[in-house]
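Residue numbers (the numbering used here): 85 to 408.
In structure tokens form, the structure reads like this:
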């Protein structure tokens with residue numbers, strides 16, 4: 085009696101053979117991306133070495149250091165922009181994966197009629213779908229993990245530490261465990277769209293839109309997934325938020341902790357700060373310290389994996405109905 089793993093070998097070989105050009109192109113793109121990120125990190129190291137070789141620093145106040153410092157800052161800005169674009173590309177990758185799975189991998193089988201041949205063999209519909217998803221999951225997850233790790237490594241070569249920008253969308257969404265979970269959700273959404281629509285172009289468009297919508301919604305609410313640190317401090321005091329924190333909200337509150345009524349001190353003849361002091365007003369700040377990076381990552385990863393499980397469950401239910 086064949087084992088479940090053995091029953092997937094045949095369909096997996098078929099998938100690899102049918103889409104070998106796409107897989108090779110994807111592998112080449114990953115290799116090119118890795119090479120580009122390594123090159124960017126080396127350019128950052130070179131910029132730091134060149135500035136150090138002049139004997140200058142960014143805080144030097146001698147006129148001979150102005151040009152080297154300006155050149156260093158400009159080079160770092162270009163490098164930072166390159167890494168930002170790389171982050172956007174990695175964030176967009178799940179949507180591309182979803183579109184491919186929905187269209188060329190799943191829906192085209194119905195348009196060409198090859199699904200009848202596939203299901204007339206000894207392969208069951210469940211094994212047919214599982215083989216396709218597992219084969220591409222290995223490729224996609226592997227490529228995403230490597231690209232995300234190299235991107236994180238490249239960011240450490242900038243002139244400031246990575247936690248300084250951890251909250252930016254192109255840093256948070258393209259590093260850690262979130263991009264891997266996003267890729268798995270994209271696979272599931274693509275399979276569901278392909279099975280529901282069974283037409284290449286509509287399935288491709290719906291999967292692309294669904295994956296993009298999930299990424300957009302999560303990016304707007306992710307900083308509410310973990311309790312923020314809330315603090316108040318005197319008007320003349322320093323903010324208690326530590327360095328590299330992400331400030332979500334700040335403003336003024338009354339001595340009782342209530343939000344400052346709208347219009348307070350807007351018509352006063354006193355200086356604005358003096359007027360606020362007369363009302364016994366304090367600053368408030370809600371923030372995430374850099375240490376919240378991993379809790380936020382893991383919560384969002386859990387949400388993405390739960391959505392992926394639901395989409396996969398729905399896809400197999402649709403498949404059963406189509407075969408039955």
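Here a beta-carbon is modelled for each residue, glycine too, at the ideal position from N, C-alpha and C.
| Item | Value |
| --- | --- |
| Jot down the residue ranges of each uninterrupted beta strand (DSSP E) in the stretch 222-309, minimum 3 residues, whole runs only, in chain order. | none |
| Only counting the same chain, and skipping five residues up and downstream in sequence, which positions put a Cβ closer than 7 Å to that of residue 194? | 282 |
| Would you identify the three-state DSSP class for residue 369, choosing helix, strand or coil? | strand |
| Could you give the distance in angstroms between the alpha-carbon of residue 157 and the alpha-carbon of residue 316? | 36 Å |
| Is it true that the stretch 138-146 meets the stretch 182-199, where meeting means three or more beta-carbon pairs spaced less than 8 Å apart? | no |
| Helix or strand or just coil, what does DSSP make of residue 384? | helix |
| Helix or strand or just coil, what does DSSP make of residue 311? | coil |
| Given this structure, state the Cα-to-Cα distance separating residue 337 from residue 168, to the nearest angstrom. | 36 Å |
| Spell out a yes or no on whether the stretch 303-319 and the stretch 370-389 are touching, meaning 3 or more CB-CB pairs, one atom from each, closer than 8 Å. | yes |
| Using a Cβ-Cβ cut-off of 7 Å (strictly less than) and excluding sequence neighbours within five positions of residue 385, which residues of its own chain qualify? | 261, 262, 265 |
| If you reduce the DSSP assignment to three classes, tell me which class residue 117 lands in. | helix |
| Less than 8 Å separating the beta-carbons of residue 295 and residue 270? | yes |
| How would you write the range of the beta strand (DSSP E) that residue 331 sits in, first residue to last? | 330-337 |
| Taking just the CA atoms, how far does residue 138 sit from residue 106? | 48 Å |
| If you check the beta carbons only, do residue 397 and residue 210 fall under 8 Å apart? | no |
| Using the C-alpha atoms, what's the distance from residue 165 back to residue 217? | 34 Å |
| Between the C-alpha atoms of residue 406 and residue 279, what's the straight-line distance to the nearest angstrom? | 9 Å |
| Can you find the residues in the same chain that come closer than 6 Å, C-beta to C-beta, to residue 251, ignoring five residues on each side of it along the sequence? | 330 |
| Relative to the C-alpha of residue 212, which residue among 199, 222, 224 is closest? | 199 |
| Leaving out five residues before and five after residue 183 in sequence, what residues of the same chain have Cβ atoms less than 6 Å from its Cβ? | 288, 291, 292 |
| Suppose the cutoff is 8 Å on Cβ atoms and the five residues either side in sequence are ignored; what does the same chain contact list for residue 152 look like? | 134, 135, 138, 140 |
| Can you grab the Cα-Cα spacing for the pair residue 268 / residue 110, in whole Å? | 16 Å |
| Quick check on DSSP: helix, strand or coil for residue 141? | coil |
| When you compare each of 304, 150, 229, 256 to residue 377 by their alpha carbons, which one comes out closest? | 256 |
| Relative to the C-alpha of residue 340, which residue among 318, 365, 324, 326 is closest? | 365 |
| Apart from the five residues on each side of it in sequence, which residues of its chain come closer than 7 Å, Cβ to Cβ, to residue 228? | 177, 263, 264, 267 |
| Output needed for residue 117: all residues of its chain with C-beta closer than 6 Å, excluding positions within five of it in sequence on either side, in chain order. | 231 |
| Can you check whether the CB of residue 301 is closer than 8 Å to the CB of residue 391? | no |
| Below 6 Å CB to CB, which residues in the same chain sit around residue 273 once its five sequence neighbours on both sides are set aside? | 182, 291, 294, 295, 395 |
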